Ligand SMILES: [Zn+2]
């Protein structure tokens, strides 16, 4: 089978599948959960035909691809665009296991590196499927409506209505000492991407949930000054890496806008 045939089959199937963001999030969570999946599990799943797959046309081709030798199969996957891999992972349970399993990591890396021009780097703390979704799937990750707004630092695509619900500039940790409150804000990823749905200007905001998580981490350490210092230093370094990657992603978006 030529790669173009496989690609065509995969694109068709992906187009026919549901492509909503909840599936993306589910797939990503599954990916994390399945990262520990052994290759034998994936191989077993590949040999099990999916009874729900329509036995016609491209769907038939797609359903038979998993029976290919693994090295050939992963070569085909590596030749596809990452977004096609993401779509393919949602077509059937069998494909989800194959595409999001640990054994497909190399295929994802090669796909991302070869198919995306001027691509951002891939940090260790975000999976390629999740980064792909963030880059290419135009859906709010909270309500799944169409939106072009991305906070690369917060690593979320979110519409203006959901910004007002989940991103606050007011104080969600009112008991914080002023000095520590400022330090916590410094190490929390933030976004000025969004204009409020009710206010006509842009704001620096933190994801309320993230800010509270960081505050909870601090509370666990607050009685140990040395531990707090080490924790703050680690968080500052982590945020610096996130900011650096966010700039790479924003530069990639700018290049896409210039092409269009
Ligand atoms: Zn939304």
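Residue numbers (the UniProt record's numbering): 1 to 260.
We put the CB at the ideal spot given by N, CA and C, even for glycine.
This structure is a prediction, so every number in the text was calculated from the model and none was measured.
Evaluate contact between the segment 108-125 and the segment 75-84, counting only Cβ atoms and requiring at least three cross-stretch pairs below 8 Å.
Under the Cβ criterion (8 Å, minimum of three pairs), the segment 108-125 counts as touching the segment 75-84.
Name the DSSP beta bridge partners of residue 168, please?
Beta-bridge analysis with DSSP links residue 168 to 206.
Proximity of residue 89 and residue 95 at Cβ, strictly below 8 Å:
Cβ atoms of residue 89 and residue 95: closer than 8 Å.
Please classify residue 246 as buried or exposed, where buried requires at least 16 neighbouring CB atoms within 10 angstroms.
Flag for residue 246 reads buried.
Among the candidates 130, 210, 219, 160, whose CA atom is the shortest distance from the CA of residue 180?
The residue among 130, 210, 219, 160 with its C-alpha nearest the C-alpha of residue 180 is 219.
Shorter than 7 Å, the distance from the beta carbon of residue 142 to the closest heavy atom of ligand 1, or not?
When distances are taken from the beta-carbon of residue 142 to the heavy atoms of ligand 1, the shortest one is below 7 Å.
Mind the definition here: the segment 150-158 touches the segment 240-258 only if three or more C-beta pairs lie below 8 Å; say whether that holds.
The segment 150-158, when compared against the segment 240-258, does touch it at the 8 Å Cβ threshold.
Within the same chain, show all residues whose beta-carbon is closer than 7 Å to that of residue 243, passing over the 5 residues directly before and after it, in chain order.
Contacts found: 153.
Can you name, in chain order, every residue of its own chain whose Cβ lies under 8 Å from the Cβ of residue 113, other than the five neighbours on each side?
Result list for residue 113: 119, in chain order.
If residue 232 and residue 183 are in contact, beta carbons under 8 Å, what's the gap, nearest whole angstrom?
That belief holds up - the Cβ atoms of residue 232 and residue 183 are roughly 6 Å apart, short of 8 Å.
First and last residue of the alpha helix (DSSP H) that includes residue 74?
Where residue 74 is concerned, the enclosing alpha helix (DSSP H) starts and stops at 70-79.
Three-state secondary structure assigned by DSSP to residue 149:
DSSP, reduced to helix, strand and coil, places residue 149 outside both helices and strands of the structure shown, so it counts as coil.
Any idea which residues DSSP pairs residue 139 with across the strands?
DSSP lists 146 as partners of residue 139.
Quick one: measure Cβ to Cβ for residue 168 and residue 206, integer angstroms, because I've assumed they're closer than 8 Å.
Contact flag correct, Cβ pair sits at about 7 Å.
Return yes when at least one heavy atom of ligand 1 lies under 7 Å from the C-beta of residue 145, else no.
Relative to ligand 1, residue 145 has its C-beta within less than 7 Å of a heavy atom.
For ligand 1, is there any heavy atom lying closer than 7 Å to the beta carbon of residue 158?
Yes, the Cβ of residue 158 comes within 7 Å of a heavy atom of ligand 1.
So, with DSSP's three-state summary, where would you put residue 119?
Shown here, residue 119 sits in coil according to DSSP, grouped into three states, outside any helix or strand.
Between the Cα of residue 175 and those of 216, 258, 132, spot the shortest distance and give me the residue it belongs to.
Nearest C-alpha to residue 175: 216.
Compare the beta carbon distance of residue 134 and residue 122 with 8 Å and say whether it is the shorter of the two.
Pairing residue 134 with residue 122 gives a Cβ-Cβ distance that is not under 8 Å.
Applying the 10 Å Cβ sphere with the 16-neighbour rule, what's the burial state of residue 129?
By the neighbour-count rule (16 or more Cβ atoms within 10 Å), residue 129 is buried.
Assumed close pair residue 187, residue 239 - CB separation to whole angstroms, cut-off 8 Å:
Rounded, the Cβ-Cβ distance is 5 Å, consistent with contact.
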